[in-house]
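Throughout the sequence shown, residue numbering follows mature numbering (1 follows the signal peptide of the UniProt record, and there is no 0), covering -18 to -1, 1 to 190 in sequence.
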Amino acid sequence: MKLAHLTLLAGFALVASCSIFPKTEPSDVYRLPSVQSGASANHSTPQRWSLRLAKPQTSEALNNPKIAVIPQGDLISSYKASRWSDPAPVLLRNRLFDGFQRDGRVPLLSTDDSNFQADLELGGNLQAFQTEYQGTAASVVVRLDALLVRGYDQRILASRRFEVRQPLSDVKVPAVVTGFGQASDQLTAQVVAWTVEQGQKVAPPLRP
């Protein structure tokens, strides 16, 4: 009886060691690098309209934490054993939120993680958030088709495509991540300026 019991335990141990599930390789998890330009607040008069920032829509290839790369042609791949802390749409939305806060001209901010109502909403489609190779030259590409919509009925009030290409001199993952941060900073500055300009034109009048 004791021998049978030991045999059974050994069998369980063997099954456990020969699991059909593949072992997951450890990954380095990267945040989108913080703003490095030392951008200061804009001292213009703060806007009185409120803005809600929504995660942009995107493809399945980008709606995950993988760090995307297009090594050639139309092949979409990702860097091995490295990933983002959040999916690309969340990273960009959070960077935009931080950009508006640093700018200071639109102090009434919220995101689509909350149920707060806002006069305007900024969203759109994230078309690219990846490294692209052209021969041996590599660049980080961030492309956003931005939409500014009215909060209460979702009517589109303004739209514009933003694209930034950040050349890379080093294609190791840490340097690539830095390139993503630089490209996102440039795009954020452009989107903030455009949104403030459009908001001044299309924001609904304040209620008495």
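Heads up, the beta-carbon is just placed ideally off N, CA and C, and yes, glycines get one too. What you are looking at is a predicted structure, and each value in this text was computed from that prediction instead of being measured.
Using 7 Å as the cut-off, classify the Cβ of residue i as near or not near the heavy atoms of the ligand ADP, replying yes or no.
i         : result
residue 9 : With respect to small molecules bound, the structure shown includes none, and the ligand ADP cannot be examined in it.
Could you give the distance in angstroms between the alpha-carbon of residue i and the alpha-carbon of residue j?
i           : j           : result
residue 47  : residue 152 : 22 Å
residue 33  : residue 137 : 14 Å
residue 65  : residue 184 : 39 Å
residue 97  : residue 113 : 34 Å
residue 117 : residue 110 : 19 Å
residue 166 : residue 131 : 22 Å
residue 182 : residue 164 : 28 Å
residue 135 : residue 91  : 18 Å
residue 82  : residue 119 : 33 Å
residue 129 : residue 162 : 22 Å
residue 174 : residue 139 : 16 Å
Buried or exposed: where does residue i fall if 16 or more other Cβ atoms within 10 Å of its Cβ makes it buried?
i           : result
residue 42  : exposed
residue 57  : exposed
residue 95  : exposed
residue -18 : Note on residue -18: pLDDT 49, under 50, position unreliable in the model; no value is reported.
residue 55  : exposed
So, at 6 Å on beta carbons, what are the nonlocal neighbours of residue i in its own chain, with the 5 sequence-adjacent residues on each side left out?
i           : result
residue 35  : 75, 78, 79, 93, 104
residue 67  : 11, 13
residue 89  : 28
residue 149 : 121
Could you tell me which of the options sits nearest to residue i, measuring between CA atoms?
i           : options          : result
residue 40  : 69, 160, 137     : 69
residue 61  : 121, 155, 164    : 155
residue 147 : 139, 124, 167    : 124
residue 84  : 163, 17, 164     : 17
residue 63  : 9, 121, 129      : 9
residue 115 : 139, 82, 158, 73 : 158
Tell me which residues share the same chain as residue i and place their Cβ nearer than 8 Å to its Cβ, disregarding the 5 neighbours each side in the sequence.
i           : result
residue 160 : 15
residue 45  : 69, 70, 71
residue 59  : 50, 51, 52, 53
Within its chain, find whatever has a CB closer than 7 Å to the CB of residue i; leave out the 5 residues flanking it on each side and keep chain order.
i           : result
residue 107 : 38, 39, 40, 127
residue 187 : none
residue 133 : 34, 99, 100, 101, 102, 103
residue 87  : 24, 26, 28, 29, 178
residue 172 : 144
residue 73  : 14, 66
residue 169 : 124, 126, 144, 146
For chain C, check one thing: does any of its Cβ atoms lie closer than 8 Å to the Cβ of residue i?
i           : result
residue 180 : Absence of chain C from the displayed structure is noted, only one protein chain being present.
- Task: Could you tell me whether the stretch 168 to 185 touches the stretch 27 to 38, using the rule of 3 or more Cβ pairs below 8 Å?
- Result: Contact between the stretch 168 to 185 and the stretch 27 to 38 is present: 3 or more CB-CB pairs across the two stretches fall below 8 Å.
- Task: Mind the definition here: the stretch 44 to 58 touches the stretch 132 to 149 only if three or more C-beta pairs lie below 8 Å; say whether that holds.
- Result: Short answer: they don't touch.
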